[in-house]
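So the structure is just underneath, and the comments pick up after that.
There are 2 protein chains.
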Amino acid sequence: MANLKQLAQSLGLSITTVSRALDGYADVSATTRERVREAADRVGYRPNASARRLRKQRAELVAVTLPSDPGHIGPPHFLDMLSGCAEHLAAAGLNLVIAPVPRGESELDICRRFVDGRRVDAMLLVRTKRKDERVEFLQSRGIPFVTNGRTESLTPHPYIDGDGFAGFRAATLRFHAAGHRRIGHIAGPQEYFFAHDRCRGWRAAMEECGLATDLCAEGAPLEQGGYLAALELLRHPSRPTALVCATDEMAIGALRALREVDGGNQISIVGHDDLPMGAFTSPPLSTMRMTGEHLGASFASLLLRAIAGETAEELQELHAIEFVDRDSHRRPLRAA
Amino acid sequence: MANLKQLAQSLGLSITTVSRALDGYADVSATTRERVREAADRVGYRPNASARRLRKQRAELVAVTLPSDPGHIGPPHFLDMLSGCAEHLAAAGLNLVIAPVPRGESELDICRRFVDGRRVDAMLLVRTKRKDERVEFLQSRGIPFVTNGRTESLTPHPYIDGDGFAGFRAATLRFHAAGHRRIGHIAGPQEYFFAHDRCRGWRAAMEECGLATDLCAEGAPLEQGGYLAALELLRHPSRPTALVCATDEMAIGALRALREVDGGNQISIVGHDDLPMGAFTSPPLSTMRMTGEHLGASFASLLLRAIAGETAEELQELHAIEFVDRDSHRRPLRAA
DNA sequence: CTTGACTCCCAAAACGTTTTGGAGAATCCT
DNA sequence: AGGATTCTCCAAAACGTTTTGGGAGTCAAG
C-alpha cells in the first residue's frame, strides 16, 4: 500500500537500505533486515511494478499472439498449455499476456507494438508458417522467442514441435501394412509448417511404397474444410480406402462426408490432435498426438533458457507422435 | 528504437515539445507537429511502456485468474471468450495477462500480488463462488473488476452471467410437461454460484409441480463426477426418468452411467454449456447455453465501464439461457 | 508605448524503484 | 598507535515518460 519512501521514513532508514534489506543484500545487518522485513509485511508493502520495470529495463512480461484467422483457436488443450506455460513463467517473475490480433492488423503489427514499445521481454509464437514474417522480425530485433511449430527459417530459432513428418509417415505405412493401397491425404493449408510437414510425411510413405500421390486434397483446417476435401477425394475415379487427415477437426468433417456418400464405415480414417470429441464420433476417431507431459511447462522453460542466452540450437524440441487408436482406422478393407 | 531524448535532440526540439506533438496537443504548431510525427515514424519511435506506466500511474494491464482446481479450465469456448475480451481491451490500450494459480497459492494470493503490486488496473474473475473471498478483497481495495458469474456478496458488483435458475427451471418444467414425474438433478459443487443457482432452478420447478426434491446428487463438475452422481441416482428405489445435469461434462458422465446400467436410451437427459462434443455423443446431447453474441467483448466492455467509474448496478448483465435441442432430452417415456 | 491575449515552446519536477560509489564507524592486525 | 579491513548505511543518479507552470515572442487593441 505504501511506497519505499514512506516505509523508509517510518523506520528512520534510507530508501536504499530498505530496498536492499528487502532484496536480501548482505550489506545490511541481519537486525535491520529483519526489522525492515517485518515492517514491510505489516504494511503489506509491495514494490511498484512499473517503477521496477522502468529501472531494471525489463518488462517482466511475455506476450503470446493468438491467431484469430480461421474462426477459432487451436485445439482445446491449447488453453491448458497456455495456462501451464503462464504458471511456469510466473515462477520466474514473468507474466503472460495474450495478444489476439484485431481485425485490420497483422500478427506482425502486434509483435512490432510489443517489442518496439518495450512492452515485453520475449515472445511466444503459435501457428507458425513455413515462411513466417514474425520470426524474421523477432530475429532481426534480437529478442528472445520460442515458436510452437517449426518454420523454414534459414537461421535456427528455438521451437517446440511434434514430428508430424514421422507421425504421418508412420500412419500411412500402417495403412499400407493393413493392405490399403489407395490412401488419401486431407491436407491443411500448405503455408503452415505443420500442414506441409504432415503432408510430406504422407507423401514420403506413399513413395516408399511405390504408390501414386494424387489422392491429396487441401482445405481449411476446420470441419468444413475436411468435409469438402473428403468429398473431393470421394469423387476420384478410384476412391481411397483410407484417409490420413491433417487434423481431427478435418477428420470429423471427413467422417460427415463419408456418412453422406456411402453410409460411412467403409473407409478407414485417422486424424491428429486427439480432440476430446473424437472419442464420441461414430466410429470413434483414431488419431495421433504429440508425446510429452507438460507441454506448457516445456514451452515456458525453453523461453526462459532463451532469455538466459542459450543458443537456438540447444532449444529445439521435437516430440515424437504417438497413435491414439480408437476405431476409425480399422474399417474392414473391402476389395476394390 | 530510440527514446524521446534522442528524438528531441535530432530535431533540435525539447523533450516536452516532442512528447506533446506526438500526443497531438494544440500547443505545438501544426508545422512542428508534422515534422515530429514524420521523424518519429521514420525512426520507428514507440514510447517506452514502463516509463509511461510509471508516470501515468496506470499499469495498462488487466489480469484474469485461471482456476486450476478441477483438472482443467472451463468450457472450450473459454479461450475464445478470453481472446475476444483481450481484443476489446486492447482497443482501449489495456493488455490482458492470464494468471493461473500455482499450486500452494490461492486465487486470493494472486489478486493480492497483482493489485497491491500495482501490476494491474483492474481484474477479471471467473468461476465465482457464492461467497467469494476474491470479490471481497477487490471490493475492499476499491479496484475495478468484473466477474463471470454472480456471487452472494451483499454489496453489488459488476458481473456477466447466465440465468441458470430460469434455465434449469424451464428445462425441468419441460420434462414435466412431457410427462416425466421423477426428474433428477445432477448438481455441481454447491459452493459455486452457478451450481447452486442451477440446482435452485430445478428445485423450484419440482416444487411448483408438487414433486419431491430428493432425486439430487452432487459431484465434481467433471465427467467422472457426473458418472458417479448418475450411478447414485440410479440406485434410488424409484429411478428418475429424466436427468437435468449442471454441466455437459457431467451429463456425458451420466450418459456413460446410463449405458452401463440399462443400456442407455431409457432416460432423458439435458446438460448445460453446449460443448462441441455433445453433438457426437449417443444419443446426441441436448443442452443449454447462455444467449448473446460476443461474450468476450461484453465482458471487456463491462470492465472498461467499471474503470470509467460507472456504478456496479449498471454493470450487471444477466443473459437468458436457450435450449440447444438435440436428442437426449426426448427418450421415450416408459411407464414406471 | 503599454497592455493583454495568444502562440509556440521549454526547464524542471514527478512517478518509485534499483544501483553506484562512497562515508563513517567499528574491528582487526602488526 | 596506526593502517587496513569489514560492517552498515546512505545520497544521488538513473530509467523514460508526462505534466506543470511558465517564458519568450508576436500581434492587436487601447
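Those sequence lines, one after another, are chains A and B.
What the first sequence shows, in full-length UniProt numbering, is residues 1 to 336, in sequence order.
What the second sequence shows, in full-length UniProt numbering, is residues 1 to 336, in sequence order.
All C-beta atoms in this analysis are idealised placements derived from N, C-alpha and C, irrespective of residue type, glycine included.
Span separating the alpha-carbon of residue i from that of residue j
| i | j | result |
| --- | --- | --- |
| A86 (chain B) | D80 (chain B) | 10 Å |
| L318 (chain A) | T172 (chain B) | 51 Å |
| H185 (chain A) | F280 (chain B) | 24 Å |
| residue 364 (chain B) | S68 (chain A) | Lying before the first or after the last residue shown, residue 364 (chain B) is absent from chain B, which here runs from 1 to 336. |
| D214 (chain B) | E105 (chain B) | 37 Å |
| A51 (chain B) | A49 (chain A) | 11 Å |
| M123 (chain A) | V146 (chain A) | 7 Å |
| P158 (chain A) | L302 (chain A) | 7 Å |
| A336 (chain A) | L228 (chain B) | At A336 (chain A) the pLDDT is 48, less than 50, meaning the model places this residue with poor confidence; the figure from the coordinates comes in the next sentence. C-alpha separation (whole angstroms): 47 Å. |
| G71 (chain B) | A220 (chain B) | Any reading at G71 (chain B) needs caution, since the residue's pLDDT is 46, under 50, leaving its predicted position unreliable; the model's value is listed next. Approximately 10 Å between the Cα atoms of the pair. |
| A40 (chain B) | I160 (chain B) | 42 Å |
| A320 (chain B) | V244 (chain B) | 17 Å |
| T16 (chain B) | Y25 (chain B) | 11 Å |
| V120 (chain B) | V62 (chain A) | 15 Å |
| A91 (chain B) | E38 (chain B) | 24 Å |
| F323 (chain B) | R118 (chain A) | 47 Å |
| A166 (chain B) | E260 (chain B) | 32 Å |
| I269 (chain B) | G179 (chain B) | 14 Å |
| R113 (chain B) | D248 (chain B) | 34 Å |
| L22 (chain A) | V36 (chain A) | 7 Å |
| L82 (chain B) | G278 (chain B) | 22 Å |
| D262 (chain A) | R103 (chain A) | 41 Å |
| E218 (chain A) | R200 (chain B) | 50 Å |
| D109 (chain A) | A59 (chain B) | 22 Å |
| L7 (chain B) | A99 (chain A) | 29 Å |
| H236 (chain B) | S328 (chain A) | 38 Å |
| R169 (chain A) | G271 (chain A) | 13 Å |
Where residue i sits in the DSSP three-state scheme
| i | result |
| --- | --- |
| I143 (chain B) | coil |
| C209 (chain A) | coil |
| Q316 (chain A) | strand |
| D327 (chain B) | coil |
| S286 (chain B) | strand |
| T65 (chain A) | strand |
| R253 (chain B) | One point to set straight first is that residue 253 (chain B) is Gly, not Arg, in the sequence displayed. Here G253 (chain B) sits in helix by DSSP. |
| D116 (chain B) | helix |
| E136 (chain A) | helix |
| S238 (chain B) | coil |
| E322 (chain A) | strand |
| A336 (chain B) | Because A336 (chain B) carries a pLDDT of 48, less than 50, the predicted location of this residue cannot be relied on, and the following value inherits that uncertainty. A336 (chain B) falls in the coil class under three-state DSSP. |
| L125 (chain B) | strand |
| I267 (chain A) | coil |
| L302 (chain B) | helix |
| L275 (chain A) | coil |
Distance CB(residue i)-CB(residue j) smaller than 7 Å
| i | j | result |
| --- | --- | --- |
| G149 (chain B) | G296 (chain B) | no |
| R134 (chain A) | E152 (chain A) | no |
| F194 (chain B) | R130 (chain B) | no |
| E314 (chain B) | P156 (chain B) | no |
| P284 (chain A) | R326 (chain A) | yes |
| D274 (chain A) | T291 (chain A) | no |
| A242 (chain B) | I183 (chain B) | yes |
| G225 (chain B) | M206 (chain B) | no |
| A187 (chain B) | C216 (chain B) | yes |
| R305 (chain B) | A246 (chain B) | no |
| R46 (chain A) | D116 (chain B) | yes |
| E223 (chain A) | I252 (chain A) | yes |
| L231 (chain B) | P240 (chain B) | no |
Closer than 6 Å: residue i CB and nearest the ligand NAP heavy atom
| i | result |
| --- | --- |
| T16 (chain B) | In the structure shown, the ligand NAP is absent, as is every other ligand, since no ligand is present at all. |
Original post:
Hey, which unbroken runs of the beta strand (DSSP E) at 3 residues or more fall wholly within the segment 69-108 of chain B?
Top reply: 95-100
Original post:
In the segment 249-282 of chain B, which residues sit with their C-beta less than 9 Å from some C-beta in chain A, listed in chain order?
Top reply: I252, L275, P276, M277, G278, A279, F280, T281, S282
Original post:
Taking the runs of the alpha helix (DSSP H) that are 4 residues or longer, which of them lie wholly in the UniProt domain "HTH lacI-type" (2-56) of chain B?
Top reply: 4-11, 15-22, 30-43, 49-56
Original post:
Which runs of the beta strand (DSSP E) spanning at least 3 residues fall entirely within the segment 150-235 of chain A, listed in chain order?
Top reply: 159-162, 183-187, 216-218
**OP:** Determine which residues of the segment 120-149 of chain B have a Cβ less than 8 Å from any Cβ of chain A, and write them out in chain order.
**Re:** none
Original post:
Listed from N- to C-terminal order along the chain, which residues in the segment 91-108 of chain B have their beta-carbon within a distance smaller than 9 Å of any beta-carbon of chain A?
Top reply: A91, N95, L96, V97, I98, A99, P100, V101, P102, R103
Original post:
Going along the chain, which residues of the segment 210-221 of chain A sit with their C-beta nearer than 8 Å to a C-beta in chain B?
Top reply: none
Original post:
In the segment 75-86 of chain A, which residues sit with their C-beta less than 7 Å from some C-beta in chain B, listed in chain order?
Top reply: P76, F78, L79, D80, L82, S83, A86
Original post:
Listed from N- to C-terminal order along the chain, which residues in the UniProt domain "HTH lacI-type" (2-56) of chain B have their beta-carbon within a distance smaller than 8 Å of any beta-carbon of chain A?
Top reply: G44, R46, P47, N48, A49, S50, A51, R53, L54
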